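Residue numbering for the sequence shown follows the numbering used here, starting at 1387 and increasing by one per position.
All C-beta atoms, glycine included, are put in the ideal place defined by N, C-alpha and C.
Bear in mind the structure is a predicted one, so any value in this text is a computation, not a measurement.
Notes follow the structure.
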Amino acid sequence: MTPIAFVNRLPAEAETQWLASLRAAMPELSVLALRELDVQARAGVEVAIVANPYPADLALLPNLKWVHSTWAGVERLVAELGGDAPPIVRLVDPELARTMAEAVLAWTYYLQRDMPAYAASQKARRWEPRPYRRPDETVVGLLGLGALGAAAARRLSEAGFRVMGWSRSPKAIRGVDAGTDLRHVLSAADIVVCLTPLTPQTRGLLNEERVGWMKPGAALINFARGPIIETQALLAALDRRRLSHAVLDVFDEEPLPAESLLWTHPGVTVLPHISAVTDRRTASAIVADNIRRWLAQGVLPQSVDLVRGY
Ligand code: NAP
């Protein structure tokens, strides 16, 4: 049986944990790290499981038919592998969607209940009750209604928020006012949540002009990718109090450099890319199922559209 290669750029401990989890999920198959494969074995590899691989490492597998990423976001992989890439299958995991929906709800509450303002009041020893805004008086606009955005939209709607959504193609999600007009969503939302992939079309999506479309006093949550928002435009809007607050989990450069103004800006909450972390156990089970189906029936799971970029 030809081995399945695990090609990654992970720290040694994380690689060991992933190998253990993948092997437990598909004990009938042989899952090996690239360094465990000699030249002859590499030539037999048809499927690679990848976690942020070096493109040069994948090039050592001359008969690769497709790769399965252990991550949901594959923008870096698509960019690094370029047009000659084999089909890329990304992780679509209900557990990841649940985790992201939970994070979106948690940080939406953080903003709806004015927690950044109360933290500032406490620091200044000021007793300052603020007016209460109910969920059904709060409009949350989701940019991106894919696997993660749609789950978040449903969760917010169940919690009583008024939810609007924006995506490339029209969507019908119960309780969600979904459409394809970005300005309509940005101008109505009290809280904008970004969950689109990073593509040539979404890079700089929230620039000065579009931040200007946002409702005065609105807040922003970015759980997608840093470059979707132009940092200078965001900082300028926060400085002018045009926007009230930004919760950022993703950045142009990660880890966020120590000298970044974002660390200390009173209008910014910095998170270290933790809004939805892959669950190794559920992800390994999904990867294993997809590989088994391909081996048994030749069915390739839906792969990333390299032209569209996601
Ligand atoms: P997905 O299923 O591919 O959904 C992407 C959504 O964005 C779709 O609704 C898509 O529209 C929309 N979209 C893409 N390009 C657009 C454009 N130019 N204009 C309007 N809408 C556009 O992706 P996902 O699984 O939900 O993941 C979304 C992103 O979350 C990932 O790409 C990744 O960057 C990020 N992520 C972050 C974390 C974290 O911990 N911070 C964890 C996992 C993932 P259509 O429906 O019309 O195609």
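The C-beta distance from residue 1624 to residue 1653 rounds to 4 Å, short enough to meet the 8 Å contact threshold. Residue nearest to residue 1532 within the set 1544, 1511, 1668 and 1556 is 1556 (criterion: CA-CA distance). At least one heavy atom of the ligand NAP falls within 7 Å of the beta-carbon of residue 1696.
Taking every protein chain shown into account, the CB of residue 1660 has fewer than 16 other CB atoms within 10 angstroms, so this residue is exposed. Rounded to the nearest angstrom, the gap between the Cα atoms of residue 1445 and residue 1424 is 14 Å.
If you check the CB distance, residue 1524 and residue 1547 come in under 8 Å. With a 10 Å radius around the Cβ and a threshold of 16 neighbouring Cβ atoms, residue 1595 comes out exposed. Residue 1517 and residue 1504 have their alpha carbons spaced roughly 12 Å apart. DSSP, read as helix, strand or coil, puts residue 1655 in strand. For residue 1555, the CB falls within less than 7 Å of some heavy atom of the ligand NAP.
Annotation for residue 1552 indicates a beta carbon within 7 Å of some heavy atom of the ligand NAP. With distances taken between CA atoms, residue 1666 lies nearest to 1408 out of 1526, 1408 and 1563. About 6 Å separates the CB atoms of residue 1610 and residue 1636; that is less than 8 Å, so the two are in contact. If only complete runs of 4 or more residues are kept, the stretch 1476-1558 shows the alpha helix (DSSP H) at 1480-1498, 1501-1509 and 1533-1544, in order along the chain. Between residue 1575 and residue 1526, the CB-CB gap stays under 8 Å. For residue 1625, there is no enclosing beta strand (DSSP E); the residue is part of the alpha helix (DSSP H) that begins and ends at 1617-1625. Secondary structure at residue 1573: helix, using DSSP grouped into helix, strand and coil. The ligand NAP has no heavy atom closer than 7 Å to the beta-carbon of residue 1688. Relative to the Cα of residue 1434, the nearest Cα in the group 1648, 1483, 1510 and 1455 belongs to 1455.
Residue 1603 carries a coil assignment under DSSP once its states are collapsed to helix, strand and coil.
Counting the other CB atoms within 10 Å of its CB gives residue 1690 a total of 16 or more, which places it among the buried residues. In this structure, the ligand NAP has no non-hydrogen atom nearer than 7 Å to the beta-carbon of residue 1655. Pairing residue 1410 with residue 1428, the inter-Cα distance amounts to about 22 Å. The C-alpha of residue 1500 is placed about 13 Å away from the C-alpha of residue 1508.
Per the DSSP secondary-structure output, residue 1394 pairs in a beta bridge with 1437. Restricting attention to 1537, 1682 and 1484, the CA atom closest to the CA of residue 1414 is found in 1682. Residue 1416 carries a coil assignment under DSSP once its states are collapsed to helix, strand and coil.
Beta-bridge partners of residue 1592 (DSSP): 1615. Where residue 1452 is concerned, the enclosing beta strand (DSSP E) starts and stops at 1452-1455. A distance below 8 Å separates the beta carbons of residue 1390 and residue 1677.
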